[in-house]
Structure formats: C-alpha cells, structure tokens
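Numbering of the sequence shown is given in this note's numbering, commencing with residue 12 and proceeding in unit increments. Okay, structure first, notes after.
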Amino acid sequence: MKALAVVAFLALTMGGAVLLLWLVRPRPPEPLPTCLFTDGRVENRSRVFSASSAGDIDGDGVTDVLTLESTEARDEARVYSGKTRLLLRTFQREVADFGGGSALACGDLDGDGQSEFLVPRPVPIVHGAWPGEVLVLSGADGSVRETLRGATLGDGFGSSLAALGDVDGDSVADFAVASPSSHPDDANPNAEHGRGAVTAFSGRELRLLTRIEGRHEDARFGSALAVLGDLDGDGASEWLASATEEDGVGCVEFHSGRTGELVRTVRGDVVDPGNSDAASGFGSALAALGDIDGDGAPDFAAASIEQWVALLSGRDGSCLRLVPAHPQDDRGWYTSFGTALAPAGDVDRDGVTDVVVAAANWSYRMQPHGLVGGRVFVYSGRTGVLLVDLRDRDGLSNLGSSIVPLGDTDGDGVFELLATTQHELRVYSLR
C-alpha cells in the first residue's frame with residue numbers, strides 16, 4: 012500500500028512539473044502585419060506632430076501624406092509620396108511653432124491646379140494666452156496666403172479641420188475650423204471646458220460663411236469634425252461635430268452642409284443605454300466610413316475613449332454595432348482605445364469598409380514604468396470582429412498618434428496604412 016502511495020505521489024509531482032514547464036515554455040512571437048517602410052530620416056528629428064492625407068499631389072493615383080514635423084532649427088510641413096515614400100515638398104520658413112492639430116489638404120482654392128494646405132496652431136508652444144490660428148499655405152510654393160485667427164484668447168481655434176466641398180456654390184471648395192474651447196461673450200466665467208464653436212469659411216475669398224456655437228456651457232462643441240456625405244440631396248455634404256462634454260456624456264451633431272443648420276443629435280447614453288459612464292466623452296474621435304449597412308446613406312464611427320467605438324447609421328443615427336475597447340491583457344496597462352479613427356478600406360474583402368482604431372497611449376506592463384508603445388487595431392465594418400492588431404513595445408513611441416489609410420499603393424491587392432510614432436512614419440501592409 013505504501014508503495015502505491017509513493018508511486019501516486021511521484022506521478023502527481025511529475026505531472027505537476029510537466030504542467031508547470033508547459034505553462035512557462037518559451038512561445039514564438041505572434042505574427043504581426045508587415046511593416047513595409049520606416050522613415051529613418053525622421054529619426055533625428057525631435058518630433059512628428061501629425062500626419063494626414065494630402066490627396067494625390069504627384070498625380071500617380073495614390074494618396075500622398077502631409078506631415079507636421081519639428082527639427083532642431085524649425086518646424087516644417089512636409090508632403091511625402093504615398094507610393095514611393097519619397098519627400099515631395101517641404102514648407103519651412105512660413106511655418107513655425109505647431110501646437111497641436113493636424114494639417115489639411117483643402118483643395119485648389121486659387122485655380123492654379125495645386126491643392127492648398129491648412130496648417131493649424133491651436134495652442135501656444137510657450138505659456139501664454141493664444142486664440143489659435145490657421146495658416147493657409149499655397150500648394151504651389153508654400154507661401155502664406157492668409158492667416159485665420161480665433162475670436163478670443165483660449166479658443167483652441169484650429170484644433171480640428173474639415174474640407175466641406177463647395178458649400179456656397181462658387182465652384183471652390185470650402186472648409187471648417189473648430190474652436191472647442193471657445194467661450195461666448197456672455198459665458199459663465201467659471202465654465203471649465205468652453206462651449207465650443209465651428210466656423211465655416213469660403214475657400215475662394217477666405218471669408219466667414221457661418222459660425223455655429225455649442226448649445227451648452229462646457230460642451231466642447233467641435234472636439235472632432237468629419238464630413239459625412241450628402242444625405243438630403245442638395246448637392247452639399249453634411250458634416251458631423253462632436254461635443255464631448257455635452258451633459259456629461261457627449262454627443263455628435265449632424266449639420267446641413269448647405270446651411271449649417273442642426274439636423275440631428277446622437278447622444279452617447281443613447282448609443283450605450285444604461286451606461287452613462289461608458290458614454291462619457293462620446294465623440295472624442297470621428298470618421299466617415301461610407302455605406303456599411305447597405306441602405307444607400309453614408310455611415311460613420313464615433314469613439315468614447317477607453318470604452319468603445321460605435322458604428323452609426325448616417326441615415327438616422329442609430330447604432331449599427333458597438334465595438335468594445337480591446338481588453339487590458341498582460342500587454343496593456345492603459346489602453347486609450349479610440350484616440351483616432353479612420354476608414355481602413357475593405358481589408359477582409361467582404362464588400363464593406365472596415366475601421367481603424369488607434370490607441371496611441373497604450374502602455375505595456377512589461378516595460379519599465381509602463382512605457383507608452385501605442386497600438387492600432389482594424390475591425391470589420393460588417394461584424395465588428397478584430398482583423399489586424401499592430402503593436403509597438405519600443406517605449407515612448409505612441410504608435411498611432413496619426414493614422415492615414417493609403418489604399419493599395421503597390422498593386423498587390425492589400426491595403427496599406429501609415430501610422431506615426433513620435434519620431435517615425437511607418438507604413439504597414441494590412442494583409
């Protein structure tokens with residue numbers, strides 16, 4: 012009997028040891044999407060502020076990229092080829108002291124065949140009061156055509172920009188500028204966040220077309236902007252503006268492209284009923300996706316940062332599906348899920364546009380002090396299933412600070428995505 016007990020004990024002990032060895036076994040690294048390109052020239056620069064679509068500047072049929080970068084001597088706006096990754100243009104002397112926001116290719120405003128660029132400076136680099144301003148740069152030579160400024164100190168004018176298309180019927184594209192921290196003259200002086208405002212400008216004359224203010228104090232109207240598409244058939248695209256602090260939950264407003272009138276409001280607590288905490292900050296990022304539900308109307312995505320991304324109907328604002336924040340696993344400490352959104356193209360080839368979700372401040376427990384590596388996800392627009400997971404554990408890189416869908420730049424049938432870190436431009440194949 013004692014012999015049997017000893018044998019049983021040894022078997023259990025050896026089995027436990029085998030199980031322990033299996034659990035702690037070395038595991039092969041998980042396969043990641045291929046990084047096709049890293050711009051080493053940016054390595055020696057102090058910062059990549061942002062990247063955005065420049066349209067097709069060099070006429071090769073591929074979206075190019077507009078960046079705001081700092082150097083030791085100055086800040087620069089740069090245009091890179093989306094196909095070859097080569098530097099096409101640099102605007103140096105006319106641009107200085109970026110303070111947040113992303114530049115925008117706003118279309119040809121002066122008839123010279125070149126798209127003009129809007130370069131925002133919403134906050135000061137140094138301490139001090141600043142209303143914010145937007146520089147309108149010539150696409151031909153980079154000279155400053157005009158400087159547009161916020162109405163009052165602290166407006167945050169230029170925090171978000173949007174190309175509206177031709178709103179006023181003069182055959183020249185118009186644009187909108189957000190001031191989410193704007194306070195009207197009669198505002199409560201103790202208001203914390205600002206009511207916010209969005210101003211539409213004529214592209215031809217650079218004059219004010221309309222100014223729309225947030226409906227409530229501290230709403231931060233204009234926290235994010237997106238152009239949805241023409242919903243009412245009047246030839247002008249409707250646009251979206253979020254107010255992330257509206258009633259403590261946030262909302263997204265639909266506005267007429269032609270008149271600027273409010274068409275519809277979608278509140279965060281309606282998207283996720285009974286969970287107002289999760290809806291807080293709704294509209295922190297927006298992206299137009301095209302028609303993903305097959306009803307003929309363009310749809311969009313809206314983030315409630317750290318909580319979820321909602322895919323919403325452009326026709327009536329209803330929630331088509333809710334994509335919850337990626338879980339905080341052994342790799343994640345703070346997720347920042349939803350810092351930026353963008354259409355990915357049809358990555359899974361099911362006929363529906365998919366959505367890119369950035370988590371630029373995602374930090375990793377395995378790094379000292381939880382250093383911020385950043386993470387970028389691609390989800391199916393049809394099902395909400397995770398398709399792609401891009402990770403960076405290199406430290407303070409903030410992968411996904413900006414995301415720019417490039418389409419299929421090399422003709423292999425697979426979409427590419429540009430994602431920035433603090434010091435690099437990276438192009439990934441979403442295979």
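Think of the CB as a built atom: it goes at the ideal place given N, C-alpha and C, for glycine as much as any other residue.
In the DSSP assignment, D75 falls within the beta strand (DSSP E) that extends over D75 to S81. Going by C-alpha positions, G143 is about 33 Å away from V282.
Secondary-structure assignment with DSSP links H266 through a beta bridge to W250 and L273. Short of 6 Å from the beta carbon of G261, and not among the five residues preceding or following it, lie these beta carbons of its own chain, in chain order: T255, G279, G292, F293 and G294. Counting only residues of its own chain and dropping the five nearest sequence neighbours on each side, S347 has a CB closer than 8 Å to the CB of I316, E317, A370, A371, N372 and W373. Under DSSP, R386 takes part in a beta bridge, and its partners are A370 and R402. By the Cβ-count criterion, G72 is exposed, with fewer than 16 other Cβ atoms from all chains shown falling within 10 Å of its own Cβ. Cβ neighbours of D403 within its own chain (closer than 6 Å, five residues either side excluded): G384, G385 and L410. In the DSSP assignment, G279 falls within the unbroken alpha helix (DSSP H) covering G279 to V282. For L97, there is no enclosing beta strand (DSSP E), as DSSP gives it neither H nor E. One thing to note: G268 has its Cβ within 9 Å of the Cβ of S248. Beta bridge pairing from DSSP links V358 with no other residue. One thing to note: G214 has its Cβ no nearer than 9 Å to the Cβ of A189. Distance check between D359 and each of A314, E427 and V130 places E427 closest, using alpha-carbon atoms only. For F186, the closest alpha carbon among the candidates S154, W141, S149 and A237 is that of A237. When only Cα atoms are considered, L164 and R275 end up about 30 Å apart.
A residue is called buried once 16 or more other Cβ atoms fall within 10 Å of its Cβ, and T420 is buried on that count. T78 is the residue among S193, D86, T78 and A174 whose C-alpha sits nearest the C-alpha of G93. For R58, same chain residues with a beta-carbon under 8 Å away, outside a window of 5 residues either side, are E80, S81, Q433 and H434 in chain order. Residue environment: D310 is assigned as buried (16 or more neighbouring CB atoms within 10 Å of its CB, all protein chains considered).
Apart from sequence neighbours up to five positions away, the residues of its chain that approach G169 with a beta-carbon distance below 7 Å are G112, P131, R132, P133, G143, E144, V145 and V188, ordered along the chain.
Around the CB of E257, 16 or more other CB atoms lie within 10 Å, so the residue is classed as buried.
The Cβ atoms of V415 and R442 lie no closer than 9 Å to each other. The bridge partners DSSP lists for T210 are V188 and R222.
In the three-state DSSP reduction, E435 falls in the coil class, being neither helix nor strand. Spatial neighbours of D241 in its own chain (CB-CB distance under 6 Å, excluding positions within 5 residues in sequence) are listed in chain order as S248.
Counting only residues of its own chain and dropping the five nearest sequence neighbours on each side, G301 has a CB closer than 6 Å to the CB of P309 and T364. Apart from sequence neighbours up to five positions away, the residues of its chain that approach T221 with a beta-carbon distance below 7 Å are A211 and G271, ordered along the chain. If you ignore the 5 residues before and after L333, its C-beta comes within less than 6 Å of the C-beta of W319 and A321, all in its own chain and listed in chain order.
Excluding the 5 residues flanking it on each side, A184 has same chain C-beta neighbours closer than 8 Å at C117, G118, D119, L120, A174, L175, G176, D177 and G214, in chain order. In this structure, the CA atom of F265 is about 34 Å from the CA atom of G153. Under the three-state reduction of DSSP output, E427 falls in the strand class. For V134, no beta strand (DSSP E) encloses it, and the DSSP letter there is neither H nor E. Counting only residues of its own chain and dropping the five nearest sequence neighbours on each side, E224 has a CB closer than 8 Å to the CB of S193, P195, R206, G207, A208 and F232.
Between the C-alpha atoms of R226 and P335 there is a straight-line separation of about 29 Å.
Only residues of its own chain outside the window of five on either side were considered, and among them S171, S253, G294, S295, A296 and L297 have a CB closer than 7 Å to the CB of A235, listed in chain order.
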